[in-house]
Amino acid sequence: MSETISKEQAFDQKLANGQVIEPKDWMPERYRNQLIRMMSQHAHSEVVGMLPEGNWITRAPSLERKLVLLAKVQDEAGHALYIYSATETLGVDRKELIDQLHEGKAKYSSIFNYPTLTWADMGAIGWLVDGAAIVNQTALAKCSYGPYSRAMIRICKEENFHNKQGYQILARMMQGTEVQKKMAQDAVNRWWWPSLMMFGPTDKDSPNSADLMKWKVKLHSNDDLRQRFIDRTVPQADAIGIKIPDPELKYNEKTRHYEFGQINWDEFYSVIRGNGPCNHERMKARTKAHKDGKWVREAVEAYAAKHFN
Amino acid sequence: MTKQEALVDFCLQIGDTSLIHGQRLAEWCGHAPILEEDIALTNISLDLIGQARMILTYAGQTENKHRDEDKLSFHRDAWDFRNVLIAELPNGDFAFTMGKIFLLGFYMKNLFTVLSNSKDPSLKAFAEKSLKEVIYHCRHAADWVIRLGDGTIESKERMQKALNELALYTDDLFEVSESEKILVQEKLIPSLADLKTNWSHDIAAVITQATLKLPQANNALRLGGKAGLHTEHLGHILSDMQFLQRAYPDAKW
């Protein structure tokens, strides 16, 4: 018992000193489990996130756009692989985590349960969804768990590129024909509020936040990060003539922050519970890919057993 | 057909094959059997679309009719496409897709090896760059053909079935087009006479190692890709791929 206490004290001491926790270090089970939950959720989000954008690869309007979008979605697969590997350092394997996703036991970011209806959605996702992810992940890059922190540093670099290409898609459309402008505005109208929801519930309703902040996995509250995202995004919208679909949005000279309207949390919880426009389709696509690929994975194992044992 | 027209036509054969093959592989994105394959298939697709951009741009410049890579990709109808038929076939299962990359990859590898000695500097540069990429695609696909062929009973059956079905379209690869004849005659490109023998040799080695049977090509009526005579599939690929450009012809993206 006393040994456990001293281990826990040593762990707390490390955190207090701003040291990073590495896979072989002792850690409380709750710390480990919270990290597994968060990191696998993040990896699953990258995987499911391939689907809404994958929806437009074959229809990209130029070869250059096709190439960039393909590269972007490929990056997401790479991020998933990277984060799954980082999660495996906590003593679970990828297969187990993927099973949890398919069985509905693990979550992924709700944003991917919204449909991509026009090409402008590729712009809105890059600009708003990846923009929100960058704000979240830049904070996570300083988190206390070494493998996750390092994964975030690397991933943020690529996300910045995604963010720029998304913004550039919309900027170009806003200089284009009337229909293109309408398409761009329509996409932002649909993606703005779900993007704000990506930061999670408001602080008082965030069940895991207190522990995660204590362990320095989370360094900023959901509301702080959301505000940071809004503050950096609104001027970008102004610069290209996009209107943010929030009549209550206004700049407060005193606080130097934007004030914004009420987020529809009923919608947020409803999508989390599985009632979003695409929850069913996304999970169906993922489980189908997994099921259809079963014989391939079996063949890989059979071949390896014959030739490498 | 003038020498210039032949060069344009030949570039379209190559560019359209890379484009349509790449377009098909991109359909896998997010649906592969393992995450590593999502990455690999996308990578191959990226290479192919990159190749298409380079050679279609050159086709447009040689033609000199103000058609760039996008004009050529998005504003031609199926009968003007010059890709080989195998590229436009639907992906099928993972074995069928790997079979496509395998058979077409080794065709491209041998073709680009020949074109690396072209007297046309742009064609030569294109072939040298693309050859490096295609060698990797061949290696990747061959590894899978071997793994699946020598894996489980099911994977062996699937891989064999895929190769047998794809063999219906492999003579189309070696049908000599008019533009190929002219470019060889004009000595702009070296002879393509050994292409089929070299290709057959390459694929036979892999198929044997995969413990599979060499499929017999029997495809008298499945020819014509290079002449613009396609399968029913190409029209559907184009209606998908060209949608935005066709629906909003005034727009720049």
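Those protein sequences? They're chains A and B, same order as listed. Residues 1 to 309 in our numbering are what the first sequence spells out, letter by letter. Residues 1001 to 1253 in our numbering are what the second sequence spells out, letter by letter. Note that the Cβ used here is the ideal one computed from N, Cα and C, for glycine as well. This structure is a prediction, so every number in the text was calculated from the model and none was measured.
- Residue Gly1151(B) holds the alpha-carbon nearest to the alpha-carbon of lysine 306(A) among Met1001(B), Tyr1107(B), Gly1151(B).
- Using a CB distance cut-off of 7 Å, tryptophan 1253(B) counts as an interface residue toward chain A.
- Contact note: leucine 1089(B) does not reach chain A at a C-beta cutoff of 7 Å; the least C-beta distance is about 15 Å.
- Glutamate 178(A): member of the alpha helix (DSSP H) spanning 178-197, first to last residue.
- For the segment 1129-1170 of chain B, the continuous alpha helix (DSSP H) assignments of 4+ residues that do not extend past its boundaries occur at 1153-1166, in sequence order.
- Burial state of asparagine 222(A) is buried, judged by a 10 Å Cβ sphere holding 16 or more other Cβ atoms.
- When DSSP states are grouped into helix, strand and coil, tyrosine 108(A) belongs to the coil group.
- With fewer than 16 other beta carbons inside 10 angstroms of its own, glutamate 259(A) counts as exposed.
- As computed with DSSP, tyrosine 145(A) is found in a beta bridge with Ile21(A).
- Assignment of lysine 291(A) by DSSP, reduced to helix, strand and coil, places it in the helix class.
- At a cut-off of 7 Å between beta-carbon atoms, alanine 305(A) makes no contact with chain B.
- Taking a contact to require three or more Cβ pairs closer than 8 Å, the segment 165-172 of chain A and the segment 39-49 of chain A do not qualify as touching.
- Secondary structure remark: continuous alpha helix (DSSP H) runs of at least 4 residues inside the segment 1046-1107 of chain B, in chain order: 1069-1074, 1085-1088.
- By the neighbour-count criterion, in which a residue is buried when 16 or more other Cβ atoms sit within 10 angstroms of its Cβ, asparagine 1117(B) is exposed.
- For glutamate 259(A), the uninterrupted beta strand (DSSP E) segment begins and ends at 257-259.
- The alpha-carbon separation between leucine 1223(B) and asparagine 55(A) amounts to approximately 32 Å.
- Under a criterion of Cβ atoms nearer than 7 Å, the residues of chain B adjacent to isoleucine 57(A) are, in order, Ala1026, Cys1029.
- In this structure, DSSP gives lysine 250(A) an extended state, which the three-state scheme calls strand.
- Annotation for histidine 1140(B): Ala1040, Ile1044, Ile1101 place their beta carbon closer than 8 Å to its own, counting only its chain and skipping 5 residues before and after.
- Contact between the segment 73-93 of chain A and the segment 27-37 of chain A is established, with three or more Cβ pairs separated by less than 8 Å.
- The shortest CA-to-CA distance from lysine 24(A) to any of Pro147(A), Thr138(A), Arg190(A), Lys284(A) is the one to Pro147(A).
- Between alanine 133(A) and isoleucine 83(A), the C-beta gap is not smaller than 7 Å, which leaves the two residues out of contact.
- Of all alpha-carbon atoms in Pro52(A), Pro28(A), Gly18(A), the one lying nearest the alpha-carbon of glutamate 281(A) is that of Pro52(A).
- Here the alpha carbons of phenylalanine 1010(B) and threonine 1113(B) stand approximately 16 Å from one another.
- Counting C-beta atoms within 10 angstroms of its own C-beta, asparagine 113(A) has 16 or more neighbours from the protein chains shown and is therefore classed as buried.
- Within the segment 76-102 of chain A, those residues whose Cβ lies closer than 7 Å to any Cβ of chain B are, in chain order, Ala77, Gly78, Ala80, Leu81.
- In this structure, DSSP gives asparagine 55(A) a state outside helix and strand, which the three-state scheme calls coil.
- By the 16-neighbour rule on beta-carbons within 10 angstroms, isoleucine 1207(B) is buried.
- Excluding residues up to 5 positions away in sequence, Val271, Ile272 lie with their Cβ nearer than 6 Å to the Cβ of serine 110(A) in the same chain.
- Within the model, the alpha-carbon separation for aspartate 224(A) versus glycine 261(A) is close to 15 Å.
- Rounded to whole angstroms, the gap between the alpha carbons of lysine 218(A) and isoleucine 153(A) is 15 Å.
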